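This report refers to the structure that appears directly beneath it.
Protein chains: 4
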Amino acid sequence: MAATSWREWRTTDAAERLRAPGPDDDKYSRGVLGVVTGSHEYPGAALLAVEAAMRAGAGMVRYTGPRPVRALVLARCPEVVTVGGRVQAWLLGSGIDPARRSFVLTGELEHALASRVPVVLDAGGLDLVGTHTAPTVITPHARELATLLADREVRTSVEEVRADPRAWAERAAHELGVVVLLKGAVTCIADPDGAAITVTAPTHRLATAGSGDVLGGILGALVASAHEELASDAHALAPLAATAALLHGRAAELAVAANGGGPITAPDISARVPHAIGELLG
Amino acid sequence: MAATSWREWRTTDAAERLRAPGPDDDKYSRGVLGVVTGSHEYPGAALLAVEAAMRAGAGMVRYTGPRPVRALVLARCPEVVTVGGRVQAWLLGSGIDPARRSFVLTGELEHALASRVPVVLDAGGLDLVGTHTAPTVITPHARELATLLADREVRTSVEEVRADPRAWAERAAHELGVVVLLKGAVTCIADPDGAAITVTAPTHRLATAGSGDVLGGILGALVASAHEELASDAHALAPLAATAALLHGRAAELAVAANGGGPITAPDISARVPHAIGELLG
Amino acid sequence: MAATSWREWRTTDAAERLRAPGPDDDKYSRGVLGVVTGSHEYPGAALLAVEAAMRAGAGMVRYTGPRPVRALVLARCPEVVTVGGRVQAWLLGSGIDPARRSFVLTGELEHALASRVPVVLDAGGLDLVGTHTAPTVITPHARELATLLADREVRTSVEEVRADPRAWAERAAHELGVVVLLKGAVTCIADPDGAAITVTAPTHRLATAGSGDVLGGILGALVASAHEELASDAHALAPLAATAALLHGRAAELAVAANGGGPITAPDISARVPHAIGELLG
Amino acid sequence: MAATSWREWRTTDAAERLRAPGPDDDKYSRGVLGVVTGSHEYPGAALLAVEAAMRAGAGMVRYTGPRPVRALVLARCPEVVTVGGRVQAWLLGSGIDPARRSFVLTGELEHALASRVPVVLDAGGLDLVGTHTAPTVITPHARELATLLADREVRTSVEEVRADPRAWAERAAHELGVVVLLKGAVTCIADPDGAAITVTAPTHRLATAGSGDVLGGILGALVASAHEELASDAHALAPLAATAALLHGRAAELAVAANGGGPITAPDISARVPHAIGELLG
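Protein chains in written order, with our numbering: chain A, 1 to 282; chain B, 283 to 564; chain C, 565 to 846; chain D, 847 to 1128.
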């Protein structure tokens, strides 16, 4: 379909995109991530994303979901702040059923999207693409991308997307005007201006329940950390997305090793994100 | 009593039955396990089984038990999905008092049993054997098997079962038409077509509260992972059951070593399941 | 005051009192401990004791305290059973305010004490000494022992007990007709028939909040494991109490080492109990 | 602004301020810390402070905040006592919104401040400085100190405080009559009598959400441990504050190493406090 030149993201590329905190940093300058994910039905998505964001170096995470979900988040991550306030980036959508978004939740999502800070949109928030102008990266898997494009009257199917993920990521980026991170064994990142990056998963054990929520958290943290750069350079978003995918894969690989070569769970991946970052920073 | 030739399951036998995920796998193709276990009275059974299933490599676990139990499950395993949906195998019965099954719970069990995907039946679900035709493995201990056979008007006692577990496992498999995994220091697996496998526990510390729930979770994950093979070859069930028992024992042995040779708890066993699988996959 | 010959309990003495599970053991034969400790005001005592009992090798723990405490117990130890049933030993009293024992709780304590299986009585249950005839060990600290003796019209004070713990442990054993384990930097164990054993704490970091609850759990597990021997030989109780104190101290020492020589918490002690037992079993 | 001679606190200075428990210590003599922090809005602050205090060697922590916060505290630290009683030091204020202090909470804070035992005042309790005469250390960051001084009609701004933290810490100590620990990449400790100590953070990863709550917990534990010395020598407070800051930084450095050089969270810092103390005690 497309003739774009794709490049595989390397460790050295990723290392250039990470920012270690300096002497003048505080938790605010390091980046505050606002998270609107999870629901009574799917609380786990919030827990996984929030934990991964903290592990990936967010200065602070604000989580303001339903009360019982907040309690679960705090039991796991007591450092999370569960009241609203200023944020430098948003992570929206996972663990939310778009067909059952309440009035309050819809208001929160619209508030976030209107705030003009960079946004990571996933799963149950994907249909909101195009309702705002802030720098945005979406993180669908093949089925979600096919649905999203069908909603925009682009004919495709999950089989077609799977057969040529590079082309469909690129097409979606152009159609939707946002950075697209299409998840898969080879993750494809495309932006509307032509950036085209692949990240090949180093372990197939990455395909486990909640893995995508962890990726969302990592990416949210990186975007929050880079908020100053992103304000002046929207092209920085695709390389950040690629860096998140690379860290996600490397953390999974480290988790497999820590588990003696056996299965891993999403929290196992989260637990190794700091080590993956530490390696990159050398 | 019987003259069947029993074989002890070896590490190499087990290794052949494990499937590592490949590039085309996602969490659904790796196998989704539906879990209907645990209750207000016995919530722990659900926590242990669900955690063990994730540790054993289930692509996803769906747990739809009572609300407070779901909250406990999510606090421990945020990657678990607590709403219904398509599954490739069921784990039913542990932590449920058969004398106090509610109308809703009975409906859920019947729904699961009617779904024609493979079923692992344990403890409080054992009386449902014979009410469905899906490939089934039951996992009783000696007392439960004696009760189950007595209910079918087969005269026996817990003492008789303990005295000759091989014979009684075989007899039960024939009477009930399902694969029988009879738990004990030597676990005996028999299927109606004559498969007869023993798995000798490598440590007597395996006999600890909740240990059987962990075994159920491991077996559930293996069955969900093998759902495609099982659809065409029901004979694959007994070897999977033997493999689960072997992994359970080896994980316990690794846990004892991690605890300096001292006592272990059921969660300690769960924590080592990935390492036991990693060893087998070599 | 007394001329009894006291002996310091050695590692080899303790090793003789431990029983590793054998091929014929199941969780019931290994010993079921019933725990009636903790309350709305002091839930933590239950959590610590239950966890320590499992770590010390109880086959099963039954905990039937207040509902919110049960939820906390299960979140920490999903292998615990929270409904009543047969037990082989009881641990009673810690985390209970004797002045605020409810009607239900009083009934539960009386039921336990009437059941004739061995009993470990601590803290808020100490006043019940003498209301039953089952083999009993009490585990007071100096202040509790002084109060307990004062209630029996034995004149003493916490200062006097601290000044001569050996003598007062012995005196209390005679007055009360039970085994007395008097906690301190040197723990003194005395039984009415003249057993007199000391256990010197290997680290002063043992003196931390909840440490006594952990000791209670260890002792409860050992008593449950030895229930058969105790049925025929009440003299076995004092050596078991000394063994529990020695394991408690050694686990604390291992925890200090694991913490780089720094402070430890009660759960840190619990976490090392298996290793302390493993060492003894060699 | 000032010509005071500041000294950088060294490991050897800190080591002299730590007290290892001795044979006559029990949990009470080691120091009981009363904690009034956290709220329905900000429960995490309490969890982090309480956990850090236990990790830093408090003999016991009493936490009496809102019921749901107590439940979260107990799930994490079952050794914490959640009813009132005698304490040897107080930690007050973090996780409390000063504009929304309830009648009950205000009463608790006033009760604590009137009790004449040493006080660590942080965040939402800083406005209470000057309402009591007990030995006090406050732990503001630059913005909080600027606000606090502005409330006392001292003209300054967060920028001015950041530009010359030494001078403003000293000024505040004189104006307010308390020990001031001004948090930053270089933490400045000043007391009204001229003590002037700096502690340079060994890692910029210390700037993470909840990090200040962990510092509060460490300092609270040190103050409770030193309660006897503090009763006779108020000058001991500034060196203790410097020691807490040094331990906090060293624990963060150890946590970064444990995380492979990558990001850390506040609980990661807490987890390494024992090791930092162990190192100092050598």
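Glycine included, each C-beta is placed from N, C-alpha and C at the ideal position. Predicted model, so just to flag it, every value in this text is computed and none were measured.
Beta-carbon contacts of residue i that lie in its chain and below 8 Å, excluding the five residues immediately before and after
| i | result |
| --- | --- |
| Ala960/D | His978 |
| Gly846/C | Ala579 |
| Thr807/C | Trp573, Asp577, Ala578, Arg581, Leu582 and Leu786 |
Residue i burial status per 10 Å Cβ neighbour count (16 or more: buried)
| i | result |
| --- | --- |
| Met283/B | Because the pLDDT at Met283/B is just 48, under 50, the model does not fix this residue reliably, and the value given afterwards should be weighed accordingly. It counts as exposed. |
| Ser507/B | buried |
| Asp686/C | buried |
| Val644/C | buried |
| Ser834/C | buried |
| Gly774/C | buried |
| Ser321/B | buried |
| Arg631/C | exposed |
| Pro869/D | exposed |
| His839/C | buried |
| Asp715/C | exposed |
| Thr388/B | exposed |
| Asp25/A | buried |
| Ala945/D | exposed |
| Thr793/D | What the structure shows of chain D is the stretch from 847 to 1128, and residue 793/D is not part of that stretch, so it cannot be assessed. |
| Arg1001/D | exposed |
Same chain, Cβ closer than 6 Å to residue i, five either side skipped, listed in chain order
| i | result |
| --- | --- |
| Ala765/C | Ala749 and Gly813 |
| Arg444/B | Ala424 |
| Val69/A | Gly38, Pro43 and Ala46 |
| Thr1049/D | Ala1098, Glu1099 and Val1102 |
| Thr469/B | Val481 and Ala527 |
| Leu176/A | Val129 |
| Ile1123/D | none |
CB of residue i within 8 Å of CB of residue j, strictly
| i | j | result |
| --- | --- | --- |
| Asp777/C | Leu612/C | yes |
| Ala477/B | Ala520/B | yes |
| Glu1005/D | Ala1036/D | no |
| Val386/B | Gly316/B | no |
| Val681/C | His791/C | yes |
| Gly93/A | Gly125/A | yes |
| Pro607/C | Ala489/B | no |
| Val36/A | Glu108/A | yes |
| Ala167/A | Leu215/A | no |
| Ala503/B | Pro474/B | no |
| Ala622/C | Trp654/C | no |
| Glu561/B | Gly130/A | no |
| Ile197/A | Arg7/A | yes |
Close beta carbons around residue i, own chain, < 7 Å, minus the five adjacent residues each side
| i | result |
| --- | --- |
| Glu323/B | Asp379 |
| Val1119/D | Ala898, Arg901, Ala902, Ile1064, Leu1093 and Ala1097 |
| Leu410/B | Leu391, Leu395 and Leu403 |
Cutoff 8 Å: residue i Cβ touching any chain E Cβ
| i | result |
| --- | --- |
| Pro986/D | Included in the structure are the protein chains A, B, C and D, with no chain E among them. |
Run through the region 679 to 742 of chain C for me and flag every whole alpha helix (DSSP H) of 4 or more residues, listed as ranges in chain order.
-> 706 to 715, 722 to 727 and 729 to 740
Minimum length 3: unbroken beta strand (DSSP E) runs contained in the region 908 to 954 of chain D = 935 to 938
Touch test, the region 426 to 433 of chain B against the region 252 to 269 of chain A, Cβ-Cβ under 8 Å, three pairs minimum | Counting Cβ pairs under 8 Å, fewer than three are found: no touch.
Sufficient close CB pairs (3 or more, under 8 Å) joining the region 336 to 345 of chain B to the region 362 to 372 of chain B | Yes: at least three Cβ pairs fall under 8 Å.
Scan the region 735 to 794 of chain C and note each continuous alpha helix (DSSP H) run of 4 residues or more that stays entirely inside, going in chain order.
-> 775 to 789
Between the region 1008 to 1028 of chain D and the region 857 to 872 of chain D, do three or more beta carbon pairs fall short of 8 Å?
-> Under the Cβ criterion (8 Å, minimum of three pairs), the region 1008 to 1028 of chain D does not count as touching the region 857 to 872 of chain D.
Please specify which runs of the beta strand (DSSP E), each continuous and at least 3 residues long, are wholly inside the region 877 to 901 of chain D, giving them in chain order.
-> Here the runs fully enclosed are 878 to 882.
Secondary structure, alpha helix (DSSP H): runs of 4+ residues fully inside the region 288 to 317 of chain B = Here the runs fully enclosed are 293 to 299.
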